[in-house]
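Taking it in order: structure first as structure tokens, then the write-up.
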Amino acid sequence: MVLSEWTGVLLFFIGGLLVGGGAIVTSYLIHPRRIQAQKYEPYECGVDTIGPTWVQFKTSYFLYALLFVIFDVETIYLYPWAVKFQSLGLFAFIEMIIFLFILIVGLWYAWKEGALEWK
Amino acid sequence: MGENIFTGIAESLRAFLYGAGVPPLASELIVLIVKLLAVIIFVSLNVVWLVYMERKIAAYIQCRIGPNRVGPKGLLQTVADVVKLLAKEIIIPRRVDKVVYLAAPILVFVPPMLAFAVIPWGDGMAPIDLNIGVFYILAVGSLSTIIFWMGGWSSNNKYSLVGGMRVVAQMVSYELPLVLSLLGVIMLTGTLSITEIVNAQRGTWFIFAQPLAFLIYFIAGVSEVNRVPFDLVEGESEIIAGPYTEYSGMAYAMYMLAEYGNMMVISCMCTIMFLGGWLAPFGWTFLPSWFWFFIKVYLMIFIFMWIRWTYPRIRVDQLLGFGWKVLVPLSLANIFVTGVGMYIYRAIGW
Amino acid sequence: MEGIWTAVAFYLLAATIVVSALLVVMLKNIVHSVLWLAVCFVSMGGLFLTLDADFLAAVQVLVYAGAVCIMVVFGIMLIQRGNMGSTNLFNNQTKAAAGVVALVLVVCGYLAATTPWASPAFAVPEKTVESIAEIMLTKYVIPFEVAAILLLVALVGAIFLAKEVKKADAHND
Numbered sequence: 016m017v018l019s020e021w022t023g024v025l026l027f028f029i030g031g032l033l034v035g036g037g038a039i040v041t042s043y044l045i046h047p048r049r050i051q052a053q054k055y056e057p058y059e060c061g062v063d064t065i066g067p068t069w070v071q072f073k074t075s076y077f078l079y080a081l082l083f084v085i086f087d088v089e090t091i092y093l094y095p096w097a098v099k100f101q102s103l104g105l106f107a108f109i110e111m112i113i114f115l116f117i118l119i120v121g122l123w124y125a126w127k128e129g130a131l132e133w134k
Numbered sequence: 084m085g086e087n088i089f090t091g092i093a094e095s096l097r098a099f100l101y102g103a104g105v106p107p108l109a110s111e112l113i114v115l116i117v118k119l120l121a122v123i124i125f126v127s128l129n130v131v132w133l134v135y136m137e138r139k140i141a142a143y144i145q146c147r148i149g150p151n152r153v154g155p156k157g158l159l160q161t162v163a164d165v166v167k168l169l170a171k172e173i174i175i176p177r178r179v180d181k182v183v184y185l186a187a188p189i190l191v192f193v194p195p196m197l198a199f200a201v202i203p204w205g206d207g208m209a210p211i212d213l214n215i216g217v218f219y220i221l222a223v224g225s226l227s228t229i230i231f232w233m234g235g236w237s238s239n240n241k242y243s244l245v246g247g248m249r250v251v252a253q254m255v256s257y258e259l260p261l262v263l264s265l266l267g268v269i270m271l272t273g274t275l276s277i278t279e280i281v282n283a284q285r286g287t288w289f290i291f292a293q294p295l296a297f298l299i300y301f302i303a304g305v306s307e308v309n310r311v312p313f314d315l316v317e318g319e320s321e322i323i324a325g326p327y328t329e330y331s332g333m334a335y336a337m338y339m340l341a342e343y344g345n346m347m348v349i350s351c352m353c354t355i356m357f358l359g360g361w362l363a364p365f366g367w368t369f370l371p372s373w374f375w376f377f378i379k380v381y382l383m384i385f386i387f388m389w390i391r392w393t394y395p396r397i398r399v400d401q402l403l404g405f406g407w408k409v410l411v412p413l414s415l416a417n418i419f420v421t422g423v424g425m426y427i428y429r430a431i432g433w
Numbered sequence: 003m004e005g006i007w008t009a010v011a012f013y014l015l016a017a018t019i020v021v022s023a024l025l026v027v028m029l030k031n032i033v034h035s036v037l038w039l040a041v042c043f044v045s046m047g048g049l050f051l052t053l054d055a056d057f058l059a060a061v062q063v064l065v066y067a068g069a070v071c072i073m074v075v076f077g078i079m080l081i082q083r084g085n086m087g088s089t090n091l092f093n094n095q096t097k098a099a100a101g102v103v104a105l106v107l108v109v110c111g112y113l114a115a116t117t118p119w120a121s122p123a124f125a126v127p128e129k130t131v132e133s134i135a136e137i138m139l140t141k142y143v144i145p146f147e148v149a150a151i152l153l154l155v156a157l158v159g160a161i162f163l164a165k166e167v168k169k170a171d172a173h174n175d
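Protein chains in written order, with my numbering: chain A, 16 to 134; chain B, 84 to 433; chain C, 3 to 175.
Printed below as a string of structure tokens:
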């Protein structure tokens, strides 16, 4: 292999962009344009929209995102461990159980404090 | 026996380029571009077919006939739809964030495309064989979340924004079980390479060794592609079409294309990780490997569709509660049980 | 040949990172800032690839572009602003920032120029994941477990803060 595999990945990235961009640009070139004031209003079941669109969202969303970041970081530790699980032996397994236990305590705390509830 | 038709084509192309005196760098590049084009064409054809299949299955489940006018048995219905959408105006409503609004449908097909780059469509038929294939698919898959959100946020529409926020909350909550459930398989095989994982299933498919992981992965996968019963994101009876509400014409079609593309990625991953990839069941090797892969992927897709037309939508608190309180603890337990189980197996002389 | 292309990739990625990072701090609309932040993170992943650290590149994309950006997005949606055009309020100190950046650049440049760069004793292993696991679970066990505790502390702190916000919300209603 002369090229790195990642050149291929780059190529597929460009390919994905071309599929999306190509479709939109083609459509943009051939589609009709008939200007009507109502057509460009935000869709709200035929009623004029009231108030600003970008409203405040509740904290539950943010909590889920935070929990997600923390557990996502945890999973990236788990992946290398799982790959070497069979050769590293019992000691590594116990280390990982401790690691997981600490984080399960976190999950338990989040659960207890109602951070997982959608209120 | 039709085995390796496609690898044969790739080999002969390579040999031809070598014979024509093309420098190795350029010939590698040409082979890659041919692979890319093949994947694009294959995926587009599949998506067109899947939309038709979805409508037909829905129709039969509901005792209707479904599309039957355009072409034989309505086969050309989706083609007609695509052509129609191509000729429709892409409406840009007032006060939308134009750049983000148009960037989202262009970008939305990139994550599934990147994932298709490493999927082995048959024995030795992965366009690119990465060392960290599985992890790579998870990484690029996580990018779609923010692209959907871009569409929802930029539309200047309350339904879109609510849909966009729901996309993120839902995909984020179900990405964890999705990622964690695969760990059981990784522990059994000790590799992240997709080819090696498939080859490790020559004895038993991992659906038998890791049934719980398969179930978790499948449920989380249904949720990741925002399909019924987890389609709160675009629940048409409450928020019109979620993030896609304002989109029209080809921009809307791109979202649909990406949705079916993502569904294919999840089905392919189920097949690779749990259903033995391209391996033939019962040693029935009279059919080529890519054919088996194809059948398994379509079986998974059929189950996706079957579920869609069978179950009602669940509530948002149920959705998030189920993800965090059932699937995450279960997948952690699965890792633990797998580890202990492997030690017990080894102790009794595996 | 190989070296040239790596260098080209490096400079392209570095340029993308610098430009997108500048846009993150300069743009008036904070959502655009976040989107450029995602571009910046993905290009950082590319930079890891030029160093043959494929696993780290995937981690960069998964954690930063896939998770941290999402968290920032939700953080933004917590603040209420009618006009999204002027949400990035802290970017009017351009001159002071330019001065500090120039200073940092000079110091870093000086250090980089004077450091005798030793080339690594052995090549990057073919399978980086295995090597990471071996080092992480044998030599660096303590930092590894400390990382777990750090994550736990972050989790508890976040929940505690969010609870206060919730209480304040309830009080305001």
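All residues carry an ideal CB built from backbone N, CA and C; glycine is no exception. None of the values given here were measured: they were computed from a predicted structure.
Around the C-beta of residue 353 of chain B, 16 or more other C-beta atoms lie within 10 Å, and the residue is accordingly described as buried.
Here the alpha carbon of residue 180 of chain B sits roughly 15 angstroms from the alpha carbon of residue 334 of chain B. Unbroken beta strand (DSSP E) runs of no fewer than 3 residues, entirely contained in the segment 139-189 of chain B, are not found. With respect to chain C, the C-beta atom of residue 222 of chain B has a partner C-beta closer than 9 angstroms. When C-beta atoms of the segment 260-274 of chain B are compared with those of the segment 97-111 of chain A, three or more pairs fall below 8 angstroms, so the two segments count as touching. For the alpha helix (DSSP H) assignment, the uninterrupted runs of no fewer than 4 residues enclosed by the segment 224-281 of chain B are, from N- to C-terminal side, 227-237 and 241-272. Interface annotation, residue 158 of chain C: not in contact with chain B, CB-CB separation never under 9 angstroms. Taking a cut-off of 8 angstroms on C-beta distances, the segment 129-148 of chain B does not touch the segment 302-313 of chain B, as fewer than three cross pairs fall below it. Shown here for residue 216 of chain B: same chain residues with a beta carbon closer than 7 angstroms to its own, the five before and five after excluded, namely 201, 275, 276 and 277 in chain order. For residue 212 of chain B, the closest Cβ of chain A is nearer than 9 angstroms. Within the segment 104-125 of chain A, the residues whose Cβ lies closer than 9 angstroms to any Cβ of chain C are, in chain order, 106, 107, 110, 111, 113, 114, 115, 116, 117, 118, 120, 121, 122, 124 and 125. Residue environment analysis places residue 121 of chain A among the buried positions, since at least 16 neighbouring C-beta atoms fall within 10 angstroms of its C-beta.
In the same chain as residue 314 of chain B, and ignoring 5 residues on each side of it, the C-beta atoms closer than 7 angstroms to its own belong to 396, in chain order. Taking CB atoms only, residue 50 of chain C has no neighbour in chain B less than 9 angstroms away. Here residue 184 of chain B is buried. Its C-beta has 16 or more other C-beta atoms within 10 Å. Two segments are said to touch when three or more pairs of C-beta atoms, one from each, lie closer than 8 angstroms; by this definition the segment 84-92 of chain A touches the segment 63-71 of chain C. Against chain C, a Cβ distance below 7 angstroms from residue 228 of chain B picks out 68 and 72. Using a 10 angstroms sphere on the CB of residue 245 of chain B, the tally of other CB atoms reaches 16 or more, which defines it as buried.
Those residues of the segment 43-54 of chain A placed with their C-beta closer than 8 angstroms to a C-beta in chain B are 43, 45, 46, 47, 48, 49 and 54, ordered along the chain.
The segment 262-271 of chain B makes contact with the segment 410-426 of chain B: 3 or more CB pairs, one atom from each, lie closer than 8 angstroms. Residues of the segment 110-133 of chain B with a C-beta less than 9 angstroms from any C-beta of chain A: 110, 111, 112, 115, 116, 118, 119, 120, 122, 123, 126 and 127, listed in chain order.
Judged by DSSP secondary structure, residue 71 of chain C falls within the alpha helix (DSSP H) whose first and last residues are 71-80. Pairing residue 361 of chain B with residue 204 of chain B gives a Cβ-Cβ distance under 9 angstroms.
Using a C-beta cut-off of 8 angstroms, the segment 44-52 of chain C makes contact with the segment 12-25 of chain C, since at least three inter-stretch Cβ pairs fall below that distance. Distance from the Cα of residue 359 of chain B is smallest, within the candidate group B:266, B:227, B:241 and B:206, for B:206. For residue 351 of chain B, the three-state secondary structure derived from DSSP is helix. At a cut-off of 9 angstroms between beta-carbon atoms, residue 146 of chain C makes no contact with chain B. Under the Cβ criterion (8 angstroms, minimum of three pairs), the segment 152-167 of chain C counts as touching the segment 115-129 of chain A. In the DSSP annotation of this structure, the continuous segment of the alpha helix (DSSP H) that includes residue 98 of chain B starts and ends at 88-102. Minimum Cα-Cα distance from residue 127 of chain C among the listed residues C:73, C:56 and C:10 corresponds to C:56.
Exclusion of the five residues before and after residue 370 of chain B leaves 363 as the residues of its chain whose Cβ lies within less than 7 angstroms of its Cβ. Look at residue 87 of chain A here: in three-state DSSP terms it is helix. Residue 308 of chain B counts as buried, since no fewer than 16 other beta carbons sit within 10 angstroms of its beta carbon. With respect to residue 350 of chain B, residue 208 of chain B sits apart: the two C-beta atoms are not nearer than 9 angstroms. Residue 191 of chain B is positioned such that its CB atom lies closer than 9 angstroms to that of residue 227 of chain B. Taking each of C:79, C:52, C:104 and C:117 in turn and checking the Cα distance to residue 14 of chain C, the smallest one comes out for C:52.
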